[in-house]
Amino acid sequence: QVQLVESGGGLVQAGGSLRLSCLVSIRTFSNYAMGWYRQAPGKQRELVAAISSGGSTNYADSVKGRFTISRDNAKNTVYLQMNSLNAGDTAVYYCNAKSGPFDRWGQGTQVTVSS
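Residues 30 to 144 in my numbering are what the sequence shown lists, from first letter to last.
What follows is the structure, encoded as structure tokens:
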């Protein structure tokens, strides 16, 4: 059974940093495109950053220059380094894995930025 387990969320002051991790229990992790999404209260879930199986990345305009997505295929893990956090980044952050019809989500990790 495929599982995605996020970690690294928490409470941080504005201007601070956090690193999220998502461990994926799947044999062929390197074949999957991975993404980080977030959902704030009362808002739709939105894409924050994505990384393809080949390592290409893309970011939401709101996080460009502050967030970095990366993956370690040897550890079946995708990361989201978040710097210069602000109150607008407060949300539940979800990890996503996609390959063809396969589309799986983690349970989410809360990030709260205090101003």
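Yeah, the Cβ is synthetic: ideal placement off N, Cα and C, and Gly gets one too.
Judging by CA-CA distance, which residue of 43, 73 and 83 is the nearest neighbour of residue 122?
73
Give the DSSP bridge partners of residue 86, in chain order.
80
Sequence-distant residues of its chain with Cβ nearer than 7 Å to residue 45 (five each side left out):
114
Start-to-end residues for the beta strand (DSSP E) that takes in residue 68:
62 to 68
Residue 31 (DSSP reduced to helix, strand or coil):
coil
My output table needs one value for residue 46: the three-state DSSP class, helix, strand or coil.
coil
Kindly identify the DSSP beta-bridge partner or partners of residue 125.
64 and 134
In chain order, what residues of the same chain have a beta carbon less than 7 Å from the beta carbon of residue 141, not counting five sequence neighbours either side?
40 and 119
How about residue 110 and residue 131: are their beta carbons less than 8 Å apart?
no
Looking only at C-alpha atoms, which of 58, 55 and 77 sits nearest to residue 65?
77
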